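So for the sequence shown, this note's numbering puts the first residue at 18; every next one is plus one.
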Amino acid sequence: MKKNIGAKVRGFPTPIILVGTTDENGRHNFATLAWAGICCSEPPSIQISVRLSRHSHAAIIANKAFSVNIPSNKFVVETDFCGIASGRNLDKPATAGLKVEPGPVLGVPLAADFPVSYECRLTHTVHVGSHDLFVGEVVSCLVEESLLNEKDAVQASKMEPLIYMTEDAYYDLGPRLAPSFNVGKALMPGREQGA
18 MKKNIGAKVR
28 GFPTPIILVG
38 TTDENGRHNF
48 ATLAWAGICC
58 SEPPSIQISV
68 RLSRHSHAAI
78 IANKAFSVNI
88 PSNKFVVETD
98 FCGIASGRNL
108 DKPATAGLKV
118 EPGPVLGVPL
128 AADFPVSYEC
138 RLTHTVHVGS
148 HDLFVGEVVS
158 CLVEESLLNE
168 KDAVQASKME
178 PLIYMTEDAY
188 YDLGPRLAPS
198 FNVGKALMPG
208 REQGA
């Protein structure tokens, strides 16, 4: 039996990302976010939600661009640090030992040692309570070559991304369970179970 715990977002696993921005003084910043995801295939777009009080919020509005960087599990300490420290008075990338490189299209700061990074051009802003939801069109996706298979698909088991459980902790992805858009075919009407 399920228990109603009220209007809360608990038990909702999300990816952890570091959003890269540059502030009005030209200083690069990485902010750790969990409210993020793919929101459109054509054009390829990612949504992130940023608290209005965050240092990165103003930089995204001003530059109309940001990066999304996917950390592997070996960067859990640096990822957590970038979520609890403010970039207003601190060079977070330098303090965390994160190497920064400019994106090839927009020049937004990328976390050079993270396995996957995206450059995003801001296309929509929606105010949602304590956060603004930013939609960024992906203009470039950079992937560590050793993670790609022969079809340029990312092999998640090699990537080892971090997952966040709301109000709890960081986890890793775990093993591959089944092929997507395939395993469910066994339940399609007119098809024998397990065929």
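Just so you know, even glycine gets a beta-carbon here, dropped at the ideal spot from N, CA and C.
Since the structure is predicted, the reported quantities are computational estimates derived from the model, not experimental observations.
Beta-carbon contacts of Pro-121 that lie in its chain and below 8 angstroms, excluding the five residues immediately before and after: Closer than 8 angstroms at Cβ, skipping near neighbours: Glu-136, Ser-157 and Leu-159.
Exposed unless 16 or more other CB atoms sit within 10 angstroms - verdict on Ser-73: Buried, by the Cβ-count rule.
Three-state secondary structure assigned by DSSP to Ala-212: Below a pLDDT of 50, predicted positions are generally treated as unreliable, and Ala-212, at 48, falls in that range; the measurement from the model is reported next regardless. Looking at Ala-212 - three-state DSSP - the assignment turns out to be coil, as it is neither helix nor strand.
Arg-68 in three-state terms, based on DSSP: strand
Of the residues Ile-33, Ala-75 and Ser-62, the one placed nearest Glu-95, counting alpha carbons only: Of the candidates Ile-33, Ala-75 and Ser-62, the residue whose Cα lies closest to the Cα of Glu-95 is Ile-33.
Ala-76 versus Thr-183, Leu-107, Asn-46 and Ile-65, residue with shortest Cα-Cα distance: The shortest Cα separation from Ala-76 among Thr-183, Leu-107, Asn-46 and Ile-65 belongs to Asn-46.
Exposure label - Cys-57; buried when at least 16 CB within 10 Å: exposed
Rounded separation between Leu-69 and Ala-203 - CA only: 46 angstroms
Counted within 10 angstroms of its Cβ, other Cβ atoms place Val-133 as buried (16 or more) or exposed: buried
Helix, strand or coil at Val-93 [DSSP, three-state]: helix
Close-in-space but distant-in-sequence residues of the same chain around Pro-196 (CB under 8 angstroms, 5 per side omitted): none
Alpha-carbon to alpha-carbon, Pro-88 and Pro-178: 6 angstroms
Endpoints, the alpha helix (DSSP H) within which Pro-110 is located: Residue range 109 to 113 is occupied by the alpha helix (DSSP H) that includes Pro-110.
CB contact flag (Glu-118, Ala-111, <7 angstroms): no
Pro-252 to Phe-131 span [Cα, whole Å]: The displayed coordinates of the chain run from 18 to 212. Any statement about residue 252 would go beyond what the structure contains.
Inside the segment 112 to 197 only - alpha helix (DSSP H) runs reaching at least 4 residues: 173 to 176
Segment contact flag, the segment 38 to 55 with the segment 96 to 106, C-beta cutoff 8 angstroms, min 3 pairs: yes
Reference Phe-98, options Thr-49, Leu-165 and Ser-163, closest by Cα: Of the candidates Thr-49, Leu-165 and Ser-163, the one whose C-alpha sits nearest the C-alpha of Phe-98 is Thr-49.
Check whether Leu-164 and Lys-175 have beta carbons under 7 angstroms apart: yes
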